[in-house]
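>
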Amino acid sequence: MHSMKLKLIYPEEKIKEPILSKVCKNFNVDINIRKANVQEKIGWLELEFIGDEVEIEKAINLLVENGVEVLPIEGQVFIE
Amino acid sequence: MAKVKGLKCKECGAEYPVEPIHVCEFCFGPLEIVYDYQEIKKNISREKIEKGPKSLWRYIDLLPVENPTVGLSAGFTPLIKAENLGKLLGLNNLYIKDDSVNHPTLSFKDRVVSVALSKAKEFGFDTAACASTGNLANSVAAHAASAGMNCYVFIPSNLETNKIIGSLVFNPVVVAVDGNYDDVNRLSSEIANEFGWAFVNINVRPFYSEGSKTLAFEVAEQLGWRIPDTVVAPLASGSLYTKIWKGFNELIEVGLVEGKPPRMLGAQAEGCSPIYQALKEGRDFIKPVKPNTIAKSIAIGNPADGPYAVKVAKESKGDIQIATDEEIIEGIKLLAKTEGIFTETAGGTTIAVLKKFAEAGIIHKDEVVVAYITGNGYKTMEVLEGKLEKPIHIKPSLIEFKEKVIGKNVKVGG
Ligand SMILES: Cc1ncc(COP(=O)(O)O)c(C=O)c1O
Ligand SMILES: [Zn+2]
């Protein structure tokens, strides 16, 4: 079993779409939401995906294909 | 009693032992080092520090390391009274803290990486890693080389190789990942969780970021153990800015200086200013942005310490301002021609913003002001292409020299 902590950021026009629910229905991952802020113009969630590595990867790909930014929780990683 | 009590979640306050961890299990908030200031106060003194090594390790009593082994010559950079720039801006007590000459890789990152990798060695790690294309990678690769650690650097694969020569020279394993920055970041954090490596900006981040406090300690000591009225510093993730604040507060807490902590003025590039925007709009959360600026070293669209930086700006009665790409270039040129210091775009941003605050009368002429110059201009010279005076071309003839050079620029004789 694998787990991954992630921050999902929704672009404004995608906030109303049930993207996460699609993830649940299509892949075998458990979703554990820890923090969220979803308003009219801003939408982000901090959550943990628990499941098989391959399933988690597929879940992330689906989110990215749907325009969601999928970032690690882990501090600040990239510095150009 | 130990100087470090443990780690604590900045959000919910949950406590953790001193381990290479960085995220709260409960709320996913960032973890921070907690010190026993009562205990530290008993051991620390100005005299002891002044007798210490000429490096950031003279402040070891306020750093989360017991036995420094990496980066023994980092820090202890010059603090320069900037008379010429001060005159131009109408500031009588302007100082430049010049980390463009930090050892060994010419940016303030040598401070944080020294602390991160010294701690990593204490934890028993033999491999250092980071995801970076710039200053951070330079510093991690250099320190890993001298410490005899394995080193991995992760970059997006569409990056031109000449951009990372300054890291490649130290012979790390560079992994070019097919994907964008988000993909590289996600992979890095997965690797950090799975392998026993010290990812400087991930699992040892609580220790890493403490290194920036030494920018406050050194300035206070160099000013004769006093705290400046105002400081100006750049913000990328917001770590440096918040830790400078923490550093000055700690000096007061342990009784090394008197007075109050400085007003914290911050600088971001207009093309990547999520922290400035949050402060201006009165938000306590950050709306991530897609960076679009020449100031690559401070272009972080989703800054981890953004909310804490906003808090520091408010608490210190400070402010954050932005500079356009054009103003950043002007800032680089201004510092060079007045003080003889060649900084990169982060420093250009700081100088541009310092100028704005001075011209707006937000900084009083007699205040003691310190501007933090965090990186070196020789690393990113391409940003100045086409922005500087061209050489004057002449034939090897004295007549032409007099006509075209002397006649044009200065009075003859004298
Ligand atoms: C030269 C320079 N200045 C300032 C910063 C800002 O650092 P921070 O992420 O701590 O805000 C960076 C780091 O990325 C940098 O490379
Ligand atoms: Zn917490």
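Residue numbers (numbering that gives the first Met the number 0), protein chains in the order written: chain A, 0 to 79; chain B, 0 to 413. Backbone N, C-alpha and C fix where the C-beta goes; we use that ideal spot for every residue, glycine too. Values in this document were obtained by computation on a predicted structure and should not be read as measured data.
For I72(A), which of S188(B), V382(B), W224(B) has the nearest alpha-carbon?
The shortest Cα separation from I72(A) among S188(B), V382(B), W224(B) belongs to S188(B).
> I'd like to know if E68(A) contacts chain B, where contact means its C-beta is closer than 9 Å to some C-beta of that chain.
Judged by the 9 Å Cβ criterion, E68(A) is in contact with chain B.
> Is V63(A) close to chain B, meaning its C-beta is less than 9 Å from at least one C-beta of that chain?
Yes, V63(A) lies at the interface with chain B (some Cβ there is under 9 Å from its Cβ).
> Cβ closer than 8 Å: which chain A residues qualify as neighbours of S211(B)?
Neighbours of S211(B) on chain A: none; closest Cβ ~13 Å, over 8 Å.
> Using beta-carbon positions only, say whether S296(B) and G376(B) come within less than 9 Å of one another.
It is not a contact, given that the beta carbons lie outside the stated cut-off.
> If we ignore side chains and look at the alpha-carbon of each, how far apart do G67(B) and W56(B) end up?
For the record, residue 67(B) in the displayed sequence is Pro; it is not Gly. Going from the Cα of P67(B) to the Cα of W56(B) covers about 8 Å.
> For a cutoff of 9 Å on Cβ pairs, would you count P71(A) as touching chain B?
So yes, P71(A) belongs to the interface.
> Can the beta-carbon of L61(A) be found closer than 9 Å to that of F26(A)?
Yes.
> For the alpha helix (DSSP H) that S208(B) lies in, which residues bound it at each end?
That run of the alpha helix (DSSP H) goes 204-209.
> Would you mind stating whether D197(B) and K279(B) have Cβ atoms separated by less than 9 Å?
Correcting the residue identity first, residue 197(B) is Ala in this sequence and not Asp. Going by C-beta atoms, A197(B) is not nearer than 9 Å to K279(B).
> Between the beta-carbon of V367(B) and the beta-carbon of R204(B), is there less than 9 Å?
Taking 9 Å as the Cβ cut-off, V367(B) and R204(B) do not qualify as a contacting pair.
> Distance cutoff 9 Å, beta carbons only. Does E45(A) sit that close to anything in chain B?
By this cut-off, E45(A) is an interface position.
> Measure the C-alpha to C-alpha separation of K242(B) and I319(B) and round it to an integer number of angstroms.
Rounded to whole angstroms, K242(B) to I319(B) spans 16 Å at the Cα level.
> Report the option in H392(B), I340(B), G270(B), G246(B) whose CA atom is closest to the CA atom of P260(B).
Nearest of H392(B), I340(B), G270(B), G246(B) to P260(B), Cα basis: G246(B).
> Does the beta-carbon of E10(B), which I'm using as the reference point, lie nearer than 8 Å to any heavy atom of ligand 2?
Yes, since a heavy atom of ligand 2 falls inside the 8 Å radius drawn around the Cβ of E10(B).
> Hey, L30(B) and V22(B) are a contact pair by Cβ (cut 8 Å); roughly how many whole angstroms apart?
L30(B) to V22(B), Cβ: 7 Å. Contact.
> Any beta carbon of chain B sitting closer than 9 Å to that of R7(A)?
According to the sequence displayed, residue 7(A) carries Leu and not Arg. Taking Cβ atoms only, chain B never reaches closer than 9 Å to L7(A), which makes this a no.
> Which word fits G413(B), buried or exposed, when buried means at least 16 other C-beta atoms lie within 10 angstroms of its C-beta?
Because the pLDDT of G413(B) is 42, which lies under 50, any placement of that residue in the model is unreliable, and the number read from its coordinates should be weighed accordingly. Burial call: exposed.
> Out of N202(B), A266(B), N92(B), which has the shortest C-alpha to C-alpha gap to A235(B)?
Among N202(B), A266(B), N92(B), the Cα nearest to that of A235(B) is on A266(B).
> With distances taken Cα to Cα, identify the nearest neighbour of I331(B) among P302(B), D304(B), I372(B), A357(B).
If we check each option's Cα against that of I331(B), I372(B) comes out closest.
> For my contact list, I274(B) and G300(B) are in at a C-beta cut-off of 8 Å; report their separation, rounded to the angstrom.
Not a contact, Cβ separation roughly 11 Å.
> Rounded to whole angstroms, what's the CA-CA distance from E39(A) to K57(A)? Just pull it up for me.
Spanning the two alpha carbons is a distance of roughly 28 Å.
> I want to verify the contact list: residues of chain B whose CB lies under 7 Å from the CB of M3(A), in sequence order.
What M3(A) touches in chain B: E189.
> Quick one: what's got a C-beta closer than 7 Å to I201(B)'s C-beta in the same chain, skipping five residues either side?
Same-chain partners within the cutoff: H21, S187, S188, A191.
> Listing by chain order, which chain B residues have their CB less than 7 Å from the CB of I41(A)?
In chain order: K286.
> Within 8 Å, do at least three Cβ pairs link the region 162-177 of chain B to the region 132-146 of chain B?
They touch, by the three-pair rule.
> From the beta carbon of K34(A), is the nearest beta carbon of chain B less than 9 Å away?
Chain B contact via Cβ: present.
> For the region 276-302 of chain B, list every residue whose C-beta sits within 7 Å of some C-beta in chain A, in sequence order.
Residues F284, K286, P287, K295, S296, A298, I299, N301, P302.
> So V33(B) is in the alpha helix (DSSP H); what residue range does that whole segment cover?
Counting along the chain, V33(B) falls outside any alpha helix (DSSP H), though it belongs to the beta strand (DSSP E) covering 30-34.
> At 3 residues or longer, and completely inside the region 163-209 of chain B: list those beta strand (DSSP E) runs for me, N to C.
Runs found: 172-176.
> Name the chain C residues whose beta carbon is nearer than 8 Å to that of F341(B)?
Judged by its chain identifiers, the structure shown contains no chain C, and its protein chains are A and B.
> Which of the three DSSP states, helix, strand or coil, is assigned to F399(B)?
Before going on, a small fix: residue 399(B) reads as Glu here, not Phe. Helix at E399(B).
> State the Cα-Cα distance for the pair G51(B) and K4(B), rounded to the nearest angstrom.
Cα to Cα, the separation comes out at about 24 Å.
> Go ahead and pull the three-state DSSP assignment for K9(B).
Coil at K9(B), not helix or strand.
> What residues in its chain sit with their C-beta under 6 Å from that of E16(A), if we drop five residues either side in the sequence?
The answer is none, since no qualifying residue turns up.
> Have a look at V411(B) and K394(B) and give me their C-alpha separation to the nearest angstrom.
Only weak support exists for where V411(B) lies, its pLDDT of 48 falling under 50; the coordinates are left without a value.
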